[in-house]
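>
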Ligand SMILES: [Mn+2]
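Numbering (my numbering), first residue to last: 15 to 447.
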């Protein structure tokens, strides 16, 4: 007997992958976990007859010879199916796109790649075997793809994901159905929790980013807290929002985070707390901990998380070629020529007076002005940046002030200079995969 299953808190990508498995492996029994996400539940309440899904109670564990696990690679995500962990002779296949580092399933075969959605990987096999996909299946598959890629906007989205979206649309995927069901359920309880959080919302700066960490008490099981944190982040208008939800009855803490900045990877922060997720969203569950010390821990992790990412000091030029404010324009021209650069800082006794660039030569009205000192023509906006800021911040400052370079200043000393081309080179060549 062959069984396919997926992770608890089943989302659209997981359900899509489960249905795809039933197409790829003829005769396989697809087992849906008990705990599915509310929007998937709503989708299934209408479409259940369209898919052949079994429950765990329908399964004779003794007869299972092969287990196909989709959209996860951890036993702990498999509900009761995890009891197959030590079954002798069991063949396990995995289809997954999550971080492989914390996988604990010893698979005999696996397809693992970092695509935006798992269904994208499974589509390869469906295409290869020329399996027909019905419009309803295509709708579900596209839902998985959209949900896991944030409608193709998450950084993990690959070109193959986008091609897959095109393919599902060709097979008749229905976008209005998706619009209805991809909206996560947001009801009274979620609204009450959000209101409670907003009453004591605070913001703080961590490594230049605005962060809001909120401790909220909840009673019983509450669905869709991630949607609450998502809305909270938007309303409080911060780069990073973290909700610590404490169960009144048993003290369990659910931590849910959202980040909209590249420099803060919520998934890796949650992994250090025993949870998981993507760069933009993640969660963790901790038992019997003091929420206040949890908050401190998260702040520490947020601080540390930034240090590992690329900073201005890593891509700036140094030492800095500069000129004094009494240098003549003709001398400046010669230095620019010699150094092959388009601009220079003007520095007297270690302090920044201005920036002279090729552009400023347009201000010269007559040739005799070439003998005038640079201070008459330089730009004196003197926008600078600290060495520990991000390349993205440097790029934003340059666009905002319409300048091509920023002196990098630490303790009133110029320690380097970052130009628009340094920033461009970073974004186009050196971006980590
Ligand atoms: Mn997925």
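Every residue, glycine too, gets a C-beta built ideally from N, C-alpha and C.
Taking the C-alpha atoms as reference points, what is the distance between residue 17 and residue 37?
13 Å
> Give the DSSP-derived three-state secondary structure of residue 383 in the structure shown.
helix
> Just jot down, in chain order, the residues whose CB lies closer than 5 Å to any heavy atom of ligand 1.
27, 85, 132, 162
> My output table needs one value for residue 56: the three-state DSSP class, helix, strand or coil.
helix
> Which of helix, strand or coil does DSSP assign to residue 321?
Interpretation of residue 321 is limited by its pLDDT of 46, a score under 50 that renders its predicted location unreliable; no figure is taken from the coordinates.
> Provide the residue span of the alpha helix (DSSP H) that contains residue 149, from first to last.
149 to 163
> How should residue 438 be labelled, buried or exposed, when 16 other C-beta atoms within 10 angstroms of its C-beta is the threshold for buried?
exposed
> The alpha helix (DSSP H) spanning residue 391 covers which residue range?
Note, residue 391: premise wrong, no alpha helix (DSSP H); not H, not E.
> With a CB to CB cut of under 6 Å and the five nearest residues on each side skipped, what residues in its chain are close to residue 114?
126
> Is the separation between the beta-carbon of residue 400 and that of residue 424 shorter than 8 Å?
yes
> Checking the sheet assignment: what are the DSSP bridge partners for residue 430?
422
> Give, in chain order, every unbroken run of the beta strand (DSSP E) that is at least 3 residues long and sits entirely within the stretch 273 to 304.
List check, beta strand (DSSP E) in window: 295 to 300.
> Check whether the stretch 293 to 304 and the stretch 269 to 281 touch, using three or more Cβ-Cβ pairs below 8 Å as the test.
yes
> Within the continuous beta strand (DSSP E) that includes residue 43, where are the two ends?
For residue 43, the enclosing beta strand (DSSP E) begins and ends at 43 to 45.
> Helix or strand or just coil, what does DSSP make of residue 403?
coil
> Compare the Cα-Cα distances from residue 249 to each of 263, 208, 267 and report the closest residue.
208
> In terms of alpha-carbon separation, which member of 134, 200, 404 lies closest to residue 160?
134
> Do residue 25 and residue 132 come within 8 Å of each other at the CB atom, strictly closer than that value?
no
> Which runs of the beta strand (DSSP E), 3 residues or longer, sit entirely within the stretch 201 to 263?
218 to 220, 223 to 232, 254 to 261
> Take residue 120 as the anchor and find which of 183, 137, 102 has the nearest alpha-carbon.
102
> Applying the criterion that 16 or more other CB atoms from any shown protein chain within 10 Å of the CB defines a buried residue, is residue 263 buried or exposed?
exposed
> Specify, as a first and last residue, the run of the beta strand (DSSP E) that residue 35 falls within.
It is not in any beta strand (DSSP E) - residue 35 instead sits in the alpha helix (DSSP H) that spans 26 to 38.
> Are the stretch 37 to 56 and the stretch 166 to 174 touching, with three or more C-beta to C-beta distances below 8 Å?
no
> Any contact between the stretch 324 to 344 and the stretch 299 to 316? By contact I mean 3 or more CB pairs, one from each, below 8 Å.
no
> Decide if residue 321 is buried, meaning its Cβ has at least 16 other Cβ atoms within 10 Å, or exposed.
Unreliable placement is indicated for residue 321, whose pLDDT of 46 sits below 50; the coordinate value is still reported in the next sentence. Exposed is the call here.
> Would you say residue 140 and residue 34 are within 8 Å of each other, going by their C-beta atoms?
yes
> With H, G and I counted as helix, E and B as strand and the rest as coil, what does DSSP make of residue 70?
helix
> Just the Cα atoms here: how many angstroms apart are residue 405 and residue 221?
14 Å
> Just list the residues that DSSP pairs residue 18 with in beta bridges.
44, 82
> Just tell me which of 392, 369, 380, 383 has its CA closest to the CA of residue 398.
369
> With distances taken from CA atoms, which of 277, 276, 308 is nearest residue 270?
308
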